[in-house]
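Contents: one structure, followed by commentary.
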Amino acid sequence: MASSFTSSSKRRGSKWAFLTAFLAFAGLNAALLAAAPYFDSNYLLMEDINSGEWLPGAEILILGDSRSHQGVVPPILSAELKQYGLQAAAINLARPGQQLPFMHYFSNRVLEQAEVKPQAVLLNISFYLLGGQQWMKDIYTAYYRPTFAEAALACSTQLLNCMEAAEWFMGTRLPAVTFRSRINTLINKSVTDLPGVGDEILGIQEQREAMRFSVAQGYMTRGNDHISRDDVPMPHGYSTGIENGYSVYLNYFDRMVQSLTSRGIKVFVYQFPWPEQRKDDPSFQEVLAYYDKLLEAHGGSDVHFLPTYRFWPTEYFVDPLHLNEFGAQRLSRELATELAHHPDFQELFSPKVASN
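Counting along the sequence shown from 1, when you hit position 268 you're at 268 in UniProt numbering, and nothing is skipped either side.
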């Protein structure tokens, strides 16, 4: 009798212990997720993507890497298009290090979930991101929360091996796993440089304010500072063949184009500005021509490659790759003008005359 009572008590005790541990773990994960925007700058880049702040959608979807994220201002693009009689809102889901597979994932998610579906996709493809995996691992597979189908596609295409794809799917759903590395880094740094950690946290708050989706529909300003001609590395240091060994990235480009164009969505690839010193560098022009030809071969007639090359004074650049606020405003207006004069874009957004 006493033995039976003791066993029953142990079972109840085990259940309560399990429930307590489960609730504590759930509480820890909820607390980490709430606090993450205040201590992890990489998480900030995916926060509004994961949370779905873009769900209202827009007629124009902007994709690309940090150059578009910090270089194309949706409200200015839309306002300038309006000057040409074209009504089209835009959202900017370009993000630092966004390689072609994640342009495909993001565009598909918007097509499936947004209230207003895009009619046009505007993107830049920086050739130096046609190879390598560090950005993908540091930001996208660490913080972007994939659907099961997205993780399965990564496995089937060998973008990731199947174990990595499973870890990506599960790990991004457990904040204790997602933020483990960042927390360890902060703890270790606090031991040796506590003031530095404080400055870092303050910097993240400034970045968070600049990245509020409601401020500029996904665009993030880099401010008004600019570089000088001496800040532009010469020679340029780029080479051809970056894509070698990374054909899966171009396969995702093909998938994205097919997915978009099969739904009647127009794809426009634009040329991002470079410092004007690059214009007279034959070696750099050869590199640009090589990658343009590579991308055009994959995009084919289904992709509209906007022809305007841009080489601008350094006062428009915050560093040799990224525009400051003045540069972003100029680029947004120029892109609107270039699109407004493109017949395939006009066909999408010109006012339709009702027929009797």
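In this text, a Cβ means the ideal position worked out from N, Cα and C, and glycines have one as well.
| Item | Value |
| --- | --- |
| Segment limits, alpha helix (DSSP H) that includes residue 169 | 162-171 |
| DSSP three-state assignment for residue 266, whether helix, strand or coil | strand |
| Whole-Å CB distance - residue 62 paired with residue 90, under 8 angstroms assumed | 6 angstroms |
| Close-in-space but distant-in-sequence residues of the same chain around residue 322 (CB under 8 angstroms, 5 per side omitted) | 66, 67, 70, 71, 222 |
| Contacting residues, own chain, Cβ-Cβ under 6 angstroms from residue 339 (five flanking each side not counted) | 345 |
| Coarse secondary structure for residue 72, derived from DSSP in three states | coil |
| Per-residue DSSP class, three states only, for residue 104 | helix |
| Three or more C-beta pairs below 8 angstroms linking the segment 266-279 and the segment 301-321 | yes |
| Cβ contact check for the segment 151-171 and the segment 247-255: 3 or more pairs under 8 angstroms | yes |
| Contacts around residue 283, its chain only, beta-carbon distance under 8 angstroms, and the 5 residues preceding and following it disregarded | 235, 236 |
| Beta-carbon separation (whole angstroms), residue 358 vs residue 93, contact threshold 8 angstroms | Because the chain is modelled from 1 through 356, residue 358 falls outside the range shown and cannot be assessed. |
| Element boundaries [beta strand (DSSP E), containing residue 305] | 303-305 |
| Proximity below 8 angstroms, CB of residue 99 to CB of residue 249 | yes |
| Alpha carbon of residue 228 to alpha carbon of residue 280, nearest angstrom | 17 angstroms |
| Beta-carbon separation (whole angstroms), residue 218 vs residue 74, contact threshold 8 angstroms | 7 angstroms |
| First through last residue of the alpha helix (DSSP H) which encompasses residue 242 | Neither: residue 242 is in no alpha helix (DSSP H) and is coded neither H nor E. |
| Sub-8 angstroms separation of residue 39 and residue 182 beta-carbons | yes |
| Option in 147, 269, 205, 313 with minimal Cα separation from residue 300 | 269 |
| Residue range of the unbroken alpha helix (DSSP H) whose run includes residue 215 | 213-216 |
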